[in-house]
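In this note's numbering, the protein residues as written are 76 to 184. For every residue, glycine included, the Cβ atom is placed at its ideal position computed from N, Cα and C. Please read these numbers as outputs of a predicted model, since none were measured by experiment.
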């Protein structure tokens, strides 16, 4: 998935696995890797009951690559990650509401 963010944030490419209502684990790669660093750990974490989110940090993989050294400091990177987690939390909440609404009126069937 790709989360489209407006400047000064960078678009964030990420993979996610596991149920939306499970505790979330955010896996961050180092230099010069991508989310694929975690490809072997993701199935084990999901099997253990976790929801996993593994992004490509800005400048890596399929995520945005903004110009300038200042774009890669701790504040811009953490802003991207905060936006990603907020978007995923909102999506998980919407999915949970939809599942509940699908069951409304079906209790007596």
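Under the three-state reduction of DSSP, residue 121 is assigned to helix.
In this structure, the beta-carbon distance from residue 140 to residue 148 does not fall below 8 Å. Just so you know, the alpha carbons of residue 175 and residue 96 end up roughly 13 Å apart. Scanning its chain for C-beta atoms nearer than 7 Å, with the 5 sequence neighbours on each side dropped, one finds around residue 154 the residues 84, in chain order. Put simply, the backbone Cα of residue 116 is about 34 Å away from that of residue 178.
Per the DSSP secondary-structure output, residue 88 pairs in a beta bridge with 77.
Fully contained in the region 117 to 174 is no alpha helix (DSSP H) run of length 4 or more.
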